[in-house]
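In the numbering used here, the protein residues as written are 69 to 132.
Below: the structure, in structure tokens.
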Amino acid sequence: MKLKKIAGDCKSDDCPAVHLTDRGSLVIVGFIVGADDRPAVCPGEQVVEVSIGLVREALHALGS
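Here it is, written out as structure tokens:
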């Protein structure tokens, strides 16, 4: 899978960001939500938290 960073203001790759894949999907990097605060998830899924500003930036980059 190839990734293209479309949102996130860090110069490094270790902060919240949104990446567009060559599969037409998004990969989100964010802070893991603790078990006490997250909704139910299926095996293999993870819940992360990102800012609304990051989501807006990603939507803008996608032309939405």
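Positions of the beta carbon are idealized from the N, C-alpha and C atoms, including for glycine.
Just so it is clear, the structure is predicted and the values come from calculations on it, not from any experiment.
Residue 69 and residue 89 have their C-alpha atoms spaced approximately 7 Å apart. DSSP places residue 85 in the strand class (E or B) of the three-state scheme. For residue 119, the closest of 71, 106, 86, 131 by C-alpha to C-alpha distance is 86.
Burial state of residue 127 is exposed, judged by a 10 Å Cβ sphere holding fewer than 16 other Cβ atoms. In terms of CA proximity to residue 117, 106 leads the group 106, 77, 93.
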